[in-house]
Every structure is written in C-alpha cells, then in structure tokens.
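Peer 1: Start counting the sequence shown at 460; every next residue gets the next number (the numbering used here).
I have a structure I would like to understand better, so I am pasting it below and will then ask my questions one at a time.
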Amino acid sequence: MPDTDLLRASRDGDQFHYHWAARQALKLLLPGADLTAIAIEGVSQDDTAGRDGEDVIDIAEYYGATGLREANRVVYRQLKHSTARATEEWTVSGLGGTVSGFAEKYRRIKLESPGLERKVIFEFLSNRPVRDSVLRAIRVLAVGGELGDYAHEVKFLKQYAGFSDDADGEAGFFNQLQVDPTAPGLLRLEGLFRLDLAGFLPGAPDVQPLLLKEMIARRATSLETNHVVDRSTVLRGCFSW
C-alpha cells in the first residue's frame with residue numbers, strides 16, 4: 460500500500476472515533492435515557508483524582524450522573540479501527556497496552572473509592588476480530604477454570620494487568636473487562652449514524668451529521684475546555700440550523 464494510502468487509513472481511525480461517539484451521543488436524546496454524559500478522549504472532571512491509565516480511554520460513558528461516585532454505571536471504552544487489516548485477528552500482544560491501562564484505572568478507583576470498581580465496565584471495541592483463545596483466557600482469569608490451550612494468553616494477560624499477588628483484584632478486573640470485536644467499519648458506521656440522526660430529525664439538512672460530528676471532534680482537542688457531552692450539548696449540535 461502506498462504511503463498516502465497508509466496515511467488515509469490511519470486517519471480513518473480518528474473518523475471512526477468521532478462517528479462512533481456522535482452516534483452514541485444520540486442516545487442522550489432518548490426519553491428516559493439513563494445515559495447522562497459522555498467524555499471524549501478521557502474522563503469527566505468528577506472521576507478519580509489520580510489519572511492512572513486514562514490515556515487508553517477514548518470515551519467514558521456515565522449513566523445516572525456525570526461523576527464516577529454518583530453514577531449508577533460507568534463504561535470506559537477504547538476504540539480501535541482498521542481499514543487495511545480489518546480481517547486480521549487481534550492477538551494477546553495487541554491488547555497489551557489496553558489491558559495495562561485499564562488495570563491501572565481499576566486499581567486507582569479501588570484505591571480512592573473501594574467498592575466503586577464493581578460498577579465500572581472496561582470495554583475494548585474494534586471492527587477487527589479477536590482470536591478466540593484471547594477471549595477464553597479473559598474468561599478463565601475472570602471466573603477461574605482450567606487453562607487448557609490458553610496458558611500462553613493467560614500468562615501474558617496477567618503480566619499486562621500487573622496485579623502481582625492480588626488474586627482477588629485480578630479476578631475482579633477481568634470480570635469487568637469486555638471485548639467487542641463486532642464494531643462496523645467506518646463506511647458502514649457513517650451510514651448508520653446518518654440513519655439514526657434522520658430518525659431523530661426527519662427532514663434535517665444533509666449538513667446536520669457533519670455539525671454533530673464536528674461538535675464531538677472539537678471535544679477531542681484543546682479547542683474546547685469542556686470535553687464532556689450531555690443532552691443539552693447534543694441538542695445544540697443537532698438544532699444549530
């Protein structure tokens with residue numbers, strides 16, 4: 460693949476992040492929605508004082524409140540998209556940085572507010588498949604069982620997570636870790652986003668998806684001091700025409 464094609468493919472990842480977050484933000488408009496806020500490229504200001512592991516969090520979703528302590532549930536997500544390697548399986552080494560960062564965040568929550576870690580989910584989301592042995596190894600670490608053919612993956616996942624002799628903490632973390640390899644590719648995701656937005660705003664101009672996505676993209680940069688999106692933010696983005 461020429462260098463220009465590689466560059467375009469790398470930029471697809473950014474667009475995937477923005478489209479996925481914008482589509483997710485539409486759920487803030489649903490009547491009676493429990494989803495309260497979405498932080499872009501990090502967490503809300505009302506999260507932990509320590510920022511351990513937050514460099515791997517692309518989106519943080521808060522349900523019931525905008526802070527970690529008050530929320531009913533919090534989902535920390537890392538999004539991974541590939542255009543050139545969409546059919547190539549993730550191996551255990553590919554998840555190393557994600558598991559390490561998520562585990563650091565888990566320990567920080569447990570240190571500052573013991574018990575709150577049980578209402579947090581850590582999710583790795585990708586349009587690429589994940590090797591079955593990796594998924595099974597995560598399950599073994601979460602609930603126990605025979606290592607079987609997954610000893611290699613278990614060994615490295617334990618090293619990445621770094622819980623040392625804290626078996627309970629290790630099991631608790633892997634029980635809260637989810638891997639979703641079913642995300643749509645960028646082109647399909649863009650189409651789904653437009654369809655969803657049309658359902659909320661029938662007859663809206665074609666520029667509307669771009670405006671909402673740009674609102675999300677700005678919050679991934681220093682252009683906005685507040686990188687948290689709530690219902691009012693989405694309404695302003697959707698009805699600015």
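We put the beta carbon where it would ideally sit given N, CA and C, even for glycine.
Given the structure is predicted, the values throughout are model-derived calculations rather than measurements.
1) Along the beta strand (DSSP E) that carries residue 614, what are the first and last residues, could you check?
2) Per DSSP, residue 585 is paired with what?
3) Taking all protein chains shown into account, decide if residue 700 is buried (16 or more other Cβ within 10 angstroms of its Cβ) or exposed.
4) What is the C-beta distance between residue 549 and residue 515, in whole angstroms, given that I count them as a contact (C-beta under 8 Å)?
5) In the DSSP assignment, what residue or residues form a beta bridge with residue 693?
6) What residue range does the alpha helix (DSSP H) around residue 636 cover?
7) Could you say which of 620, 480, 694 lies nearest to residue 518 if we only look at CA atoms?
8) Specify, as a first and last residue, the run of the beta strand (DSSP E) that residue 516 falls within.
9) For the stretch 521–531 and the stretch 503–510, state whether three or more C-beta atom pairs, one from each stretch, are separated by less than 8 Å.
10) Can you give the Cα-Cα distance for residue 582 and residue 539, rounded to whole angstroms?
11) For residue 651, name the three-state secondary structure that DSSP assigns.
12) Could you check if residue 490 is buried or exposed, using at least 16 other CB atoms within 10 Å of its CB as the buried criterion?
13) Can you list, in chain order, the residues of its chain with a C-beta nearer than 6 Å to that of residue 611? Leave out the 5 residues immediately preceding and following it.
Peer 2: Taking the coordinates as given:
1) Per DSSP, residue 614 belongs to no beta strand (DSSP E); it is in the alpha helix (DSSP H), 610–620.
2) 539
3) Below a pLDDT of 50, predicted positions are generally treated as unreliable, and residue 700, at 48, falls in that range; the measurement from the model is reported next regardless. Label assigned to residue 700: exposed.
4) In fact, because the Cβ distance is near 15 Å, the residues do not count as touching under 8 Å.
5) Note: residue 693 sits in no beta bridge, so no partner.
6) Element bounds for residue 636: not the alpha helix (DSSP H) but the beta strand (DSSP E), 636–639.
7) 480
8) That residue, residue 516, is in no beta strand (DSSP E); it is neither H nor E in DSSP.
9) yes
10) 11 Å
11) helix
12) exposed
13) none
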